[in-house]
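Trainee: Under full-length UniProt numbering, the first residue of the sequence shown is numbered 1, with each subsequent residue one higher.
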Amino acid sequence: MSQTMKDHLVRVANEAEFILNRQRAEDINRHAEFESLCAQYSADKREEEKMCHHLITAAKYRDQVTATQLIQKIINILTDKHGAWGSSVSSRPREFWRLDYWEDDLRRRRRFVRNPLGSTHPEATLKAAGEHAPDEDILVKGKQSIKSQVLGNQNSESEILLEGDDDITSFIEEREVENLTGPVALSAPAQLVAPSVVVKGTLSITHSELYFEVDEEDPSFKKIDPKILAYTEGLHGKWLFSEIRAIFSRRYLLQNTALEIFMANRVGVMFNFPDQATVKKVVNCLPRVGIGATFGLPQTRRISLASPRQIFKASNMTQRWQHREISNFEYLMFLNTIAGRTYNDLNQYPVFPWVITNYESDELDLTLPSNFRDLSKPIGALNPKRAAFFAERYESWEDDQVPKFHYGTHYSTASFALTWLLRIEPFTTLFLNLQGGKFDHADRTFSSISRAWRNSQRDTSDIKELIPEFYYLPEIFVNSNNYNLGVMDDGTVVSDVELPPWAKTPEEFVRINRLALESEFVSCQLHQWIDLIFGYKQQGPEAARSLNVFYYLTYEGAVNLSSITDPVLREAVEAQIRSFGQTPSQLLIEPHPPRSSAMQVYLLLQSPLMFTDQAQQDVIMVLKFPSNSPVTHVAANTQPGLTNPAVITVTANRLFAVNKWHNLPAHQGAVQDQPYQLPVEIDPLIASNTGMHRRQITDLLDQSIQVHSQCFVITSDNRYILVCGFWDKSFRVYSTDSGRLIQVIFGHWDVVTCLARSESYIGGNCYILSGSRDATLLLWYWNGKTNIIGDNPRGDIATPRAILTGHDYEITCATICAELGLVISGSKEGPCLIHSMNGDLLRTLEGPETLEGPENCLRPKLIQASREGQCVIYYENGLFCVFSVNGRLQATMETDDKIKAIQLSRDGQYLLTGGDNGVVMVWQMWDLKQLFAYPGCDAGIRSMALSYDQRCILTGMASGSIVVFYNDFNRWHHEYQTRY
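(1) List the endpoints of the continuous beta strand (DSSP E) containing residue 261.
(2) Sort 185, 350 and 96 by Cα distance to residue 331 and report the nearest one.
(3) When you compare only the Cα positions, how much space is there between residue 947 and residue 922?
(4) Below 8 Å on the Cβ atoms is my guess for residue 782 versus residue 768; work out the distance and round it to an integer in Å.
(5) Compare the Cα-Cα distances from residue 627 to each of 265, 581 and 685 and report the closest residue.
(6) So, with DSSP's three-state summary, where would you put residue 553?
(7) Using a threshold of 7 Å, state whether the C-beta atoms of residue 299 and residue 289 are closer than that.
(8) On the criterion of 16 or more Cβ atoms from any shown chain inside 10 Å, does residue 85 qualify as buried, or is it exposed?
(9) What are the boundary residues of the beta strand (DSSP E) that residue 910 is part of?
(10) In angstroms with no decimal places, state the Cα-to-Cα distance between residue 610 and residue 598.
(11) Where does the unbroken alpha helix (DSSP H) through residue 36 begin, and where does it stop?
(12) Check each candidate in 702, 718, 657 and 847 and name the one with the smallest Cα separation from residue 727.
(13) Taking the alpha-carbon positions, what's the residue 840 to residue 80 distance?
(14) Hey, does residue 313 have any beta-carbon neighbour from chain D nearer than 7 Å?
(15) Hey, how far is the Cα of residue 160 from the Cα of residue 303?
(16) Please state whether DSSP places residue 163 in a helix, a strand or coil.
(17) Taking only three categories from DSSP, how would you classify residue 981?
(18) Inspect the CB distances between the stretch 656–667 and the stretch 944–959 and report whether three or more fall short of 8 Å.
(19) What would DSSP say about residue 325, mapped onto helix, strand or coil?
(20) CA-CA distance, residue 710 and residue 656?
(21) How about residue 814 and residue 756: are their beta carbons less than 7 Å apart?
(22) Got a sec, what are the start and stop residues for the alpha helix (DSSP H) residue 278 sits in?
(23) Can you check whether the CB of residue 521 is closer than 7 Å to the CB of residue 372?
(24) Examine the Cβ distances between the stretch 204–217 and the stretch 431–443 and report whether three or more of them are shorter than 8 Å.
(25) If I follow the unbroken alpha helix (DSSP H) through residue 390, where does it start and stop?
(26) From residue 343 to residue 195, what distance separates their C-alpha atoms?
(27) Check this for me: beta carbons of residue 811 and residue 827, under 7 Å apart or not?
(28) Could you give the DSSP three-state label for residue 937: helix, strand or coil?
(29) Can you tell me where the beta strand (DSSP E) with residue 894 in it begins and where it stops?
(30) Can you give me the Cβ contacts of residue 279 inside the same chain, cut-off strictly under 8 Å, excluding the 5 residues immediately before and after it?
(31) Check whether the Cβ atoms of residue 887 and residue 859 sit closer than 7 Å, and answer yes or no.
(32) So for residue 413, helix, strand or coil by DSSP?
(33) Please classify residue 493: is it buried, with 16 or more other beta-carbons within 10 angstroms of its beta-carbon, or exposed?
(34) At what residues does the alpha helix (DSSP H) containing residue 190 begin and finish?
(35) Report buried or exposed for residue 204, applying the criterion of at least 16 other Cβ atoms within 10 angstroms of its Cβ.
(36) With a CB to CB cut of under 7 Å and the five nearest residues on each side skipped, what residues in its chain are close to residue 10?
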């Protein structure tokens with residue numbers, strides 16, 4: 001074979017080997033790839049299975065919890081003293097109560113519920129006085145100062161623009177979420193932030209629900225006291241998207257990595273995430289609700305992610321406060337809420353100012369400026385001697401690591417919040433957990449309001465401001481659980497908080513403190529306090545000038561935790577942030593505008609008819625209907641924005657009239673230009689006596705029913721009338737336009753004797769309450785979209801939301817307040833009961849024993865509740881009683897008139913009554929003192945309503961007419977009287 005041939009063969013062989021080797025390598029690669037894909041796939045599958053297993057176990061656990069709660073609820077219903085087995089339980093165990101997490105529209109938590117975990121904490125009495133060292137002012141000269149590397153930039157707020165709708169990114173991400181197969185759209189590690197606990201777990205979001213599962217294997221979880229966990233809600237939480245009402249961005253440990261989500265059941269839940277990117281992802285997977293509908297902002301995800309300063313700028317609340325459409329309390333609550341203050345993190349508890357300075361005298365004169373605090377100075381600068389001490393410290397401070405400060409402590413920390421709330425659960429348990437299981441020494445316990453004020457003026461380590469509860473929750477001053485809080489050095493036993501001499505009861509203290517907060521003296525300087533806490537004097541040179549600089553670790557932006565890699569150092573920094581308090585987010589960097597004066601607003605808005613001739617008379621008009629049948633029900637849905645504002649009247653023979661409403665002329669300018677028009681114009685169908693079939697309810701009532709005001713309910717849009725008392729045990733819905741029957745609702749075992757409606761929310765949704773001879777009440781949901789009761793659009797089978805039991809006789813009267821989540825009802829014999837809207841029986845309203853035996857608080861005839869947490873009940877024997885929603889009797893009065901109608905002003909301060917004497921009376925609610933009697937009418941009053949602007953009182957008369965009275969509640973307001 002020639003050489004060439006040999007070379008050729010070798011070359012071919014080499015090439016063949018090379019090709020084979022390459023293929024072999026490719027095979028190996030492919031195989032490796034396949035193996036890694038398999039491994040990845042099985043890992044993913046394992047992860048998915050783990051996730052599914054996790055979700056299934058979580059769901060099982062939740063079902064178990066729900067089942068246990070239901071069993072407990074049934075046992076409670078049966079063994080309650082009004083329950084079926086109530087009388088057989090010989091000795092009742094002591095009842096304990098705790099504050100419920102339910103918030104009203106102003107974010108006040110005032111409802112107490114039974115507490116199965118309650119005790120008198122006998123183990124917590126302090127052993128010896130010397131056990132707790134006094135709080136040291138800041139770790140003298142910043143011993144544990146943190147290296148300057150940690151100091152972040154002071155204000156790194158990236159301003160996002162608020163214009164336009166949601167950003168496109170969220171839209172794209174939403175599309176991605178929709179394309180994801182499987183149940184879970186997003187799963188992220190998170191911490192549940194609750195009072196006194198932060199627990200690690202996993203947050204999972206599906207396309208319609210939000211879940212949180214706590215990691216019970218986490219070592220830090222195992223260390224938490226089970227008593228605290230028992231009070232923590234949401235450890236295995238599940239929330240439907242349809243229940244989410246608002247989503248706020250929040251800070252946790254001064255980092256913008258948390259969210260607080262507010263639910264339809266009026267509680268908030270707070271989560272902290274690893275970083276801001278996760279927060280964004282979570283918000284994009286949750287429904288578009290913004291921060292709710294109350295602050296005049298669009299409900300978009302962009303608003304949920306906006307900074308506090310942007311929300312402050314974009315919202316209409318400041319203008320509303322300036323124009324006096326909202327109260328000082330409501331405005332302060334708004335500022336606290338958007339500046340990141342929350343009930344879920346005790347280190348960021350809402351802050352309210354001290355406003356009264358006089359806690360010594362027997363009478364408190366709210367017209368004296370000297371009784372009010374100067375709100376332009378921080379609490380630490382009010383006493384000049386102490387202010388000099390703080391200024392001196394600031395000037396002489398020399399430390400390279402720690403910037404200079406006036407105060408080593410703060411006006412709000414977790415331990416301060418718990419000190420104020422020590423006497424009520426769950427805060428007692430949280431306080432004991434913080435204090436190592438013991439109450440504090442008696443001399444350091446909050447035991448007297450005047451001493452607390454004195455300390456905040458003298459003590460260099462006490463510059464505490466107040467919490468909102470001082471303005472609405474009298475229970476925080478009462479040691480109702482009989483804790484042994486010890487004895488002071490001077491021998492005084494600490495129990496209830498000692499009140500100032502000018503307040504005889506905790507309720508009176510709270511009422512006067514709130515009056516002071518809403519007074520003109522506070523209104524005209526509150527903006528200066530806002531500047532100090534939330535505004536331009538919070539940081540920087542203005543803060544230094546105003547004596548308002550705190551330790552640097554209390555400010556946002558002072559430290560970036562994610563940049564600290566050393567876990568020990570990070571732990572130390574977190575502990576310091578926790579113990580020093582946290583300054584709220586800064587909402588404005590220019591001075592806050594002041595509030596308009598009351599007189600100015602009064603003249604602009606609603607100067608009463610004082611300039612017209614009509615004003616001189618208390619009676620504006622009388623409208624006589626052709627039928628002489630008594631007007632047993634009047635409803636005045638006259639709010640602006642209604643398509644047909646009207647006064648609807650119903651007579652005893654069930655003839656109703658839709659009478660058109662014209663607002664009263666607003667002020668002097670309007671009166672001269674146009675002819676004076678009466679506010680109520682008679683229904684043309686009734687006036688002309690034609691088309692009466694469209695106004696007469698002909699269906700037969702049960703013969704034994706006496707038609708009274710509570711037989712009827714009118715929906716808030718005036719379009720439907722609900723009537724009860726039918727022989728077939730139903731109640732029915734009719735159209736007010738055509739008189740046509742729309743819906744028949746069955747549910748009771750006997751004739752329905754009374755109906756009530758809650759206040760309406762956006763969209764016209766509300767609750768309807770029906771009470772019956774079967775001694776139960778049923779709670780129904782009125783759907784404003786479909787205009788029927790129940791969730792089923794055809795409305796054939798409506799089911800009640802709750803069944804309320806506990807009465808032994810026919811229900812005679814009831815009222816429902818959706819804002820407080822309460823139903824108050826009375827039966828033919830027996831006391832009134834308070835239920836929650838879930839159906840739990842909370843309280844029995846027992847009258848004063850002093851008035852010849854308890855039977856005087858038995859036959860209730862009329863009930864009204866106010867959003868301020870009070871209810872007034874009129875009994876058959878002429879007795880009026882005012883109770884708090886927590887069952888405390890606050891006032892009583894007896895009247896000789898047979899009262900047939902009562903009405904409360906919107907703020908719950910005034911009570912209107914009318915009866916057989918034909919006289920409308922105005923009473924002061926808190927002490928039932930008579931303020932005014934309108935001129936008497938020639939017939940008895942059967943029903944009563946107030947127009948939306950509260951300037952007209954409409955009464956339905958026994959003679960078949962309605963009388964409209966001119967009203968101005970301001971004339972009995974203490975400031976209005978002294979001023980104008």
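Virtual Cβ for every residue (Gly too), placed ideally from N, Cα, C.
Mentor: Let me spell this out:
(1) On the sequence shown, residue 261 is found 261 positions in, with the first residue counted as 1. Start and end: 255–263.
(2) In the sequence shown, counting from the first residue as 1, residue 331 sits at position 331. Nearest C-alpha to residue 331: 350.
(3) In the sequence shown, counting from the first residue as 1, residue 947 sits at position 947. In the sequence shown, counting from the first residue as 1, residue 922 sits at position 922. Their Cα atoms are separated by approximately 16 Å.
(4) As a first step, residue 782 is located in the sequence shown; it is residue number 782 there, counting from the start. As a first step, residue 768 is located in the sequence shown; it is residue number 768 there, counting from the start. Approximately 5 Å separates the beta-carbon atoms of residue 782 and residue 768; this is inside 8 Å, confirming the contact.
(5) Residue 627 sits at position 627 when you count from the first residue of the sequence shown. Per the Cα distances, 685.
(6) For the purposes of this step, residue 553 is taken as the residue at position 553 of the sequence shown. If DSSP states are grouped into helix, strand and coil, residue 553 belongs with the helices.
(7) The residue labelled residue 299 in the question sits at position 299 within the sequence shown. The residue labelled residue 289 in the question sits at position 289 within the sequence shown. Yes, the pair counts as a contact, with Cβ atoms nearer than the cut-off.
(8) Against the sequence shown, residue 85 aligns to sequence position 85. By the neighbour-count rule (16 or more Cβ atoms within 10 Å), residue 85 is not buried but exposed.
(9) Numbered from its first residue, the sequence shown carries residue 910 at position 910. It spans 910–915 - the beta strand (DSSP E) in which residue 910 sits, taken as one unbroken run.
(10) Along the sequence shown, read from residue 1 onward, the residue named residue 610 stands at position 610. Along the sequence shown, read from residue 1 onward, the residue named residue 598 stands at position 598. Because residue 610 sits at a pLDDT of 42, beneath the cut-off of 50, its placement in the model cannot be relied upon, and the point is left open.
(11) As a working mapping, residue 36 is identified with position 36 in the sequence shown. Note, residue 36: alpha helix (DSSP H), 3–79.
(12) For the purposes of this step, residue 727 is identified with residue 727 of the sequence shown, where counting begins at 1. The residue with the shortest Cα to Cα distance from residue 727 is 702.
(13) Mapped onto the sequence shown, residue 840 falls at position 840. Mapped onto the sequence shown, residue 80 falls at position 80. Going from the Cα of residue 840 to the Cα of residue 80 covers about 10 Å.
(14) As a matter of chain content, chain D is missing from the structure shown, which is built from one protein chain.
(15) Taking the sequence shown and counting its residues from 1, the one referred to as residue 160 is at position 160. Taking the sequence shown and counting its residues from 1, the one referred to as residue 303 is at position 303. Confidence at residue 160 is low in this model, with a pLDDT of 39, below 50, so the placement of that residue is unreliable and no value is reported for it.
(16) In the sequence shown, residue 163 corresponds to position 163, counting from 1. Note that residue 163 scores 41 on pLDDT, short of 50, meaning its location in the model is unreliable; the coordinates nonetheless yield the value given after this. Three-state DSSP puts residue 163 in coil, outside helix and strand.
(17) This structure cannot speak to residue 981, because the chain is shown only from 1 to 980.
(18) yes
(19) Numbered from 1 along the sequence shown, position 325 holds the residue referred to as residue 325. Of the three classes helix, strand and coil, the one that applies to residue 325 here is coil, per DSSP.
(20) The residue given as residue 710 occupies position 710 in the sequence shown. The residue given as residue 656 occupies position 656 in the sequence shown. Here the alpha carbons of residue 656 and residue 710 stand approximately 15 Å from one another.
(21) Counting from one through the sequence shown, the residue named residue 814 turns up at place 814. Counting from one through the sequence shown, the residue named residue 756 turns up at place 756. Cβ atoms of residue 814 and residue 756: closer than 7 Å.
(22) Stepping through the sequence shown from its first residue, residue 278 is reached at position 278. Per DSSP, residue 278 belongs to the alpha helix (DSSP H) from 276–285.
(23) The residue given as residue 372 occupies position 372 in the sequence shown. The residue given as residue 521 occupies position 521 in the sequence shown. Contact: yes.
(24) no
(25) On the sequence shown, position 390 is the one that residue 390 refers to. Element bounds for residue 390: 384–396.
(26) On the sequence shown, residue 343 is found 343 positions in, with the first residue counted as 1. On the sequence shown, residue 195 is found 195 positions in, with the first residue counted as 1. Going by the C-alpha atoms only, they are around 7 Å apart.
(27) Within the sequence shown, numbered from 1, the residue matching residue 811 stands at position 811. Within the sequence shown, numbered from 1, the residue matching residue 827 stands at position 827. Residue 827 sits close to residue 811, with the two beta carbons spaced by under 7 Å.
(28) Within the sequence shown, residue 937 is the residue found at index 937, counting from 1. Looking at residue 937 - three-state DSSP - the assignment turns out to be coil, as it is neither helix nor strand.
(29) Walking along the sequence shown from the start, residue 894 turns up at place 894. Unbroken beta strand (DSSP E) run through residue 894: 889–894.
(30) Position 279 of the sequence shown, counted from the start, is the residue given in the question as residue 279. Counting only Cβ-Cβ distances below 8 Å, and skipping sequence neighbours, we find 249, 256, 257, 258, 259, 273 and 305.
(31) Along the sequence shown, read from residue 1 onward, the residue named residue 887 stands at position 887. Along the sequence shown, read from residue 1 onward, the residue named residue 859 stands at position 859. Going by C-beta atoms, residue 887 is not nearer than 7 Å to residue 859.
(32) Counted from its first residue, the sequence shown places residue 413 at position 413. Residue 413 falls in the coil class under three-state DSSP.
(33) On the sequence shown, residue 493 is found 493 positions in, with the first residue counted as 1. Residue 493 comes out exposed.
(34) Against the sequence shown, residue 190 aligns to sequence position 190. Premise fails: residue 190 lies in the beta strand (DSSP E), 186–194, not in any alpha helix (DSSP H).
(35) Taking the sequence shown and counting its residues from 1, one reaches residue 204 at position 204. Buried, since its Cβ has 16 or more Cβ neighbours within 10 Å.
(36) On the sequence shown, residue 10 is found 10 positions in, with the first residue counted as 1. Counting only Cβ-Cβ distances below 7 Å, and skipping sequence neighbours, we find nothing.
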